[in-house]
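Q: Sharing a structure, written as structure tokens. Questions coming.
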Amino acid sequence: MYIEKLIRLRSISYYIRVEVEYKKNEKNNGIPNLKLVNYKNDYYDGGDFSTLLEEIEKNYTFEKAKIYDENISYMADVIYLYDRIPFLRGIRDEYISSKDNIPYSLGYITKEEIEKYIKENNIKMHNNSNFKLSDSRTWYL
440 MYIEKLIRLR SISYYIRVEV EYKKNEKNNG IPNLKLVNYK NDYYDGGDFS
490 TLLEEIEKNY TFEKAKIYDE NISYMADVIY LYDRIPFLRG IRDEYISSKD
540 NIPYSLGYIT KEEIEKYIKE NNIKMHNNSN FKLSDSRTWY L
């Protein structure tokens, strides 16, 4: 199953998609817990995820994002987010019309497309090998 949570950078609404599944937890009498899919540390908690997004949003500046791509601001934001949320599955963006307050443009980029862009453009990323959603000391903000 997928969960999407909103983060706003500048005036753009991005929805961070993560993939989760219920797994039985033997430490908790076999009661299923929601876990991240295809991520080494599979711990998932919606509150921790929301806190991470709030901190990223609070610490964001376009100057920080531009180090990833000076020419395409969309990709600068996308890679900025991916560098801070290594377990994401994709990012959806939404532009709202000020005229009638409905979406006039929607986009979606997958983790694989982000990684391909990073590789093809030799973009330097931070080492997130110790990232744990449950430990804010491991978050790169």
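Counting from 1 along the sequence shown, just add 439 to a position and that's the residue number in this note's numbering. Glycine is no exception: its CB is placed at the ideal position from the N, C-alpha and C atoms.
Can you tell me the Cα-Cα spacing of L473 and N498, whole angstroms?
A: Near 28 angstroms, if we compare the C-alpha coordinates of N498 and L473.
Q: Let me make sure I understand the geometry here. Which of Y454, R449, L448, S450 has the alpha-carbon closest to that of R549?
A: Checking the sequence shown, residue 549 turns out to be Thr, not Arg. Comparing Cα positions, the closest option is Y454.
Q: Does the segment 560-571 touch the segment 513-533, meaning 3 or more C-beta pairs lie closer than 8 angstroms?
A: The segment 513-533 is in contact with the segment 560-571.
Q: Among all the DSSP beta bridges, which residues are the ones paired with L445?
A: In DSSP, L445 forms a bridge with Y454.
Q: Taking the C-alpha atoms as reference points, what is the distance between Y507 and K555?
A: The straight-line gap from Cα to Cα measures roughly 14 angstroms.
Q: Quick check: the Cα distance between L545 and S575, rounded to an integer number of angstroms?
A: Roughly 31 angstroms separates the two Cα atoms.
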